[in-house]
Every structure is written in structure tokens, then in C-alpha cells.
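K.L.:
Sending over a structure as C-alpha cells; questions will come in a sec.
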Amino acid sequence: MVLQMTDKDVVDRAAKIIVSSVWYHKSDPPRKDVWACGAAGLRAIEWMRIIRPYLGIRRQEQIVKTVQGWLASRKYNKKDELWWSRMFRLEVGRI
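Counting the sequence shown from 1 gives a position; our numbering is that position plus 7.
Rendered as C-alpha cells:
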């Protein structure tokens, strides 16, 4: 999960919230430099679960696909699989 934008102050605040470092991509003028922060693995999955209700349907669908792919790659027993499915409420539009 990556947040990228030209507003460094916004990226700095987001990085503090998700406990991430900040990096940037230098752009050639007249374009502005792009600042970014992000998370990976379980931390990213947890943040996606938190922010999903505040996003539009298209972004929610993207999160559902990402979480389903992440869950498919995990090794866990059936009880854990049911817990994860309930935890993420994988139906789009359902909060």
C-alpha cells in the first residue's frame, strides 16, 4: 500500500500514522517531485481494512481483490480462514 503525492506535508503526516519512512521521486521540471510512504504485508492489509469504509466502491473492490490474493497465499487452518473472512467482511460496499 503506497500513498504518493506532491504534497510533502500530507505524506509526512500519513507516514507518522502508518509508521513508515518517506521517500521521493525526483521529477524533471515543470513537474513537481512526488513524495511517498507506504506499508507492506500484514501491516498494509490491516490499514486497508481500516480505511476501506471511507473509500469509493472502485477502491473497495481493489482492496477486496488484494486481500483475497493475500489470504490465498497464506497457510492457515479452516478456523483461521473463517476468522480472516469475517474480519475483512469481503463483500464490496458492506461496511
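Note that CB positions come from ideal geometry on N, CA and C, so glycine has one too.
Bear in mind that the values here come from a model prediction, so they are computed numbers and not experimental data.
Kindly indicate which three-state DSSP category Val17 falls into: helix, strand or coil?
P.N.:
As a first step, residue 17 is located in the sequence shown; it is residue number 10 there, counting from the start. Helix.
K.L.:
For Ala43, which option in Met94, Arg20 and Leu62 has the closest C-alpha, if you only look at C-alpha atoms?
P.N.:
Looking up residue 43 in the sequence shown gives position 36. Ranking Met94, Arg20 and Leu62 by Cα distance to Ala43 puts Arg20 first.
K.L.:
Apart from the five residues just before and just after Ser27, which ones in its own chain have a Cβ nearer than 7 Å to its Cβ?
P.N.:
Counting from one through the sequence shown, the residue named residue 27 turns up at place 20. Answer for Ser27: Cys44, Gly45 and Ala46, listed in chain order.
K.L.:
Classify Arg59 as buried or exposed, calling it buried when 16 or more other Cβ atoms lie within 10 Å of its own Cβ.
P.N.:
The residue you call residue 59 lines up with position 52 of the sequence shown. Per the 10 Å Cβ criterion, buried.
K.L.:
Going straight from the alpha carbon of Lys82 to that of Arg38, what length do you get?
P.N.:
In the sequence shown, residue 82 corresponds to position 75, counting from 1. In the sequence shown, residue 38 corresponds to position 31, counting from 1. Distance between the alpha carbons of Lys82 and Arg38: 44 Å.
K.L.:
Helix, strand or coil, according to DSSP, for Met12 in the structure here?
P.N.:
As a position in the sequence shown, residue 12 is number 5, starting the count at 1. Reduced to three states, the DSSP call for Met12 is strand.
K.L.:
Does Ala46 come out as helix, strand or coil in the three-state DSSP assignment?
P.N.:
Position 39 of the sequence shown, counting from 1, holds the residue named residue 46. Reduced to three states, the DSSP call for Ala46 is coil.
K.L.:
Terminal residues of the continuous beta strand (DSSP E) containing Tyr31?
P.N.:
To locate residue 31, count along the sequence shown from 1; it is residue 24. Residues Trp30 to His32.
K.L.:
Check whether the Cβ of Ala21 lies closer than 9 Å to any Cβ atom in chain B.
P.N.:
The chain labelled as chain B is not found in the depicted structure, where only one protein chain is given.
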